[in-house]
Amino acid sequence: SAVISQKPSRDICQRGTSLTIQCQVDSQVTMMFWYRQQPGQSLTLIATANQGSEATYESGFVIDKFPISRPNLTFSTLTVSNMSPEDSSIYLCSASSGTEAFFGQGTRLTVV
Amino acid sequence: GIQVEQSPPDLILQEGANSTLRCNFSDSVNNLQWFHQNPWGQLINLFYIPSGTKQNGRLSATTVATERYSLLYISSSQTTDSGVYFCAVAGFYGGSQGNLIFGKGTKLSVKP
Numbered sequence: 003s004a005v006i007s008q009k010p011s012r013d014i015c016q017r018g019t020s021l022t023i024q025c026q027v028d029s030q031v032t033m034m035f036w037y038r039q040q041p042g043q044s045l046t047l048i049a050t051a052n053q054g055s056e057a058t059y060e061s062g063f064v065i066d067k068f069p070i071s072r073p074n075l076t077f078s079t080l081t082v083s084n085m086s087p088e089d090s091s092i093y094l095c096s097a098s099s100g101t102e103a104f105f106g107q108g109t110r111l112t113v114v
Numbered sequence: 002g003i004q005v006e007q008s009p010p011d012l013i014l015q016e017g018a019n020s021t022l023r024c025n026f027s028d029s030v031n032n033l034q035w036f037h038q039n040p041w042g043q044l045i046n047l048f049y050i051p052s053g054t055k056q057n058g059r060l061s062a063t064t065v066a067t068e069r070y071s072l073l074y075i076s077s078s079q080t081t082d083s084g085v086y087f088c089a090v091a092g093f094y095g096g097s098q099g100n101l102i103f104g105k106g107t108k109l110s111v112k113p
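Those sequence lines, one after another, are chains A and B.
Each residue of the first sequence is one higher than the one before, counting from 3 in our numbering.
Each residue of the second sequence is one higher than the one before, counting from 2 in our numbering.
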């Protein structure tokens, strides 16, 4: 199994600002993903973080709004840019090596 | 893409009761996982079960891949079992191999 550390665990941000969320895995993994969970909803995939290349975004998510980096096999960041109250959600990092997927504890973001 | 349906959406139990949660999916999958999301938003891995049956204490799960459904059994429920239970699957095809598609969840409340 993989242990995933995600930080910050929560934050309250002003609209128009940006927040970068970090995700550290305790072992090398093949795949890393970022998900969003809006209040009272299920999880939706934002993008697949590709090591050394641009992330692959799902429909409805764009790089300018959610830039993602993955400089190596154990670390990734997600930035939520130019935030609005509609971005208030839980953001979760996930890692997998092709079988079972594991999740970080999530970042609870509130935009005011 | 694959559709994932969970039932029931809400479930209220008295402590000590047993329950069965169901997950139907619309296509063949190479990954199926059950998660418990606690009140703080953290996703806890319960089972990685693309097929077959597994048991872990009071919890067990069965996936019948040929009929495209999975069941999660909770026996002798406790108040700490409260939360949202998610079923998530990954298909064999698609641009983002390995990423999970989540159902809408079953919200379980166990009353003392």
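The beta carbon of each residue, even a glycine, is placed where N, CA and C say it ideally should be.
For residue i, which option in the options has the closest C-alpha, if you only look at C-alpha atoms?
{"i": "C25(A)", "options": "Q16(A), T112(A), V5(A)", "result": "V5(A)"}
{"i": "V114(A)", "options": "S29(A), P87(A), I48(A), S7(A)", "result": "P87(A)"}
{"i": "V31(A)", "options": "T109(A), L111(A), G108(A), G100(A)", "result": "G100(A)"}
{"i": "D28(B)", "options": "Q38(B), V85(B), G2(B)", "result": "G2(B)"}
{"i": "L111(A)", "options": "S98(A), D28(A), Y93(A), A103(A)", "result": "Y93(A)"}
{"i": "T81(A)", "options": "A57(A), Q107(A), S98(A), E102(A)", "result": "A57(A)"}
{"i": "P41(A)", "options": "D89(A), F105(A), A103(A)", "result": "D89(A)"}
{"i": "T76(A)", "options": "A97(A), S11(A), Q16(A)", "result": "A97(A)"}
{"i": "K9(A)", "options": "V27(A), R17(A), Q16(A)", "result": "V27(A)"}
{"i": "N74(A)", "options": "N52(A), S11(A), V64(A), G62(A)", "result": "N52(A)"}
{"i": "R59(B)", "options": "W41(B), R69(B), D82(B), G42(B)", "result": "D82(B)"}
To which residues of the same chain is residue i closer than 6 Å at the C-beta, ignoring the five residues directly before and after it?
{"i": "T21(B)", "result": "L72, Y74"}
{"i": "D11(B)", "result": "K108"}
{"i": "Q15(B)", "result": "K112"}
{"i": "Q38(B)", "result": "L44, G84, V85"}
{"i": "G95(B)", "result": "At G95(B), the pLDDT of 49 sits below 50, so the modelled position is not reliable; the number obtained from the coordinates is stated separately. Closer than 6 Å at the Cβ level, and outside the excluded window around G95(B), lies no residue."}
{"i": "K67(A)", "result": "S83"}
{"i": "S8(B)", "result": "R23"}
Beta strand (DSSP E) containing residue i: first to last residue?
{"i": "Q24(A)", "result": "21-27"}
{"i": "F104(A)", "result": "103-105"}
{"i": "E6(B)", "result": "5-8"}
{"i": "M33(A)", "result": "33-39"}
Can you find the residues in the same chain that come closer than 7 Å, C-beta to C-beta, to residue i, ignoring five residues on each side of it along the sequence?
{"i": "G53(B)", "result": "T64"}
{"i": "G17(B)", "result": "S77, S78"}
{"i": "S97(B)", "result": "Model confidence at S97(B) stands at a pLDDT of 48, short of 50, so the residue's coordinates are unreliable; what they give is reported in the following sentence. So the list is empty, once near-sequence residues are dropped."}
{"i": "E1(A)", "result": "The question about residue 1(A) has no answer here: the residues shown for chain A are numbered 3 through 114."}
Can you give the beta carbon distance from residue i to residue j, rounded, assuming they're within the 8 Å contact cut?
{"i": "R38(A)", "j": "T46(A)", "result": "5 Å"}
{"i": "P51(B)", "j": "N31(B)", "result": "6 Å"}
{"i": "A89(B)", "j": "F36(B)", "result": "7 Å"}
{"i": "M85(A)", "j": "T22(A)", "result": "In fact, because the Cβ distance is near 12 Å, the residues do not count as touching under 8 Å."}
{"i": "G106(B)", "j": "S29(A)", "result": "Not a contact, Cβ separation roughly 29 Å."}
{"i": "S78(A)", "j": "M34(A)", "result": "5 Å"}
{"i": "S7(A)", "j": "G106(A)", "result": "7 Å"}
{"i": "E6(B)", "j": "G104(B)", "result": "6 Å"}
{"i": "Q34(B)", "j": "N46(B)", "result": "7 Å"}
{"i": "I70(A)", "j": "W36(A)", "result": "6 Å"}
If I measure Cβ to Cβ from residue i and keep anything under 8 Å in the same chain, skipping five residues before and after, which residues do I get?
{"i": "D13(A)", "result": "L21, T109, R110, L111, T112"}
{"i": "G92(B)", "result": "G2, I3, D28, S29, V30, N31, I102"}
Sequence ranges, beta strand (DSSP E) only - wholly within the stretch 52-80 of chain A, length at least 3: 70-74
Anything in the stretch 80-99 of chain A with a Cβ closer than 8 Å to a Cβ of chain D? List those residues in chain order, please. Given the protein chain composition of this structure (A and B), no chain D is represented.
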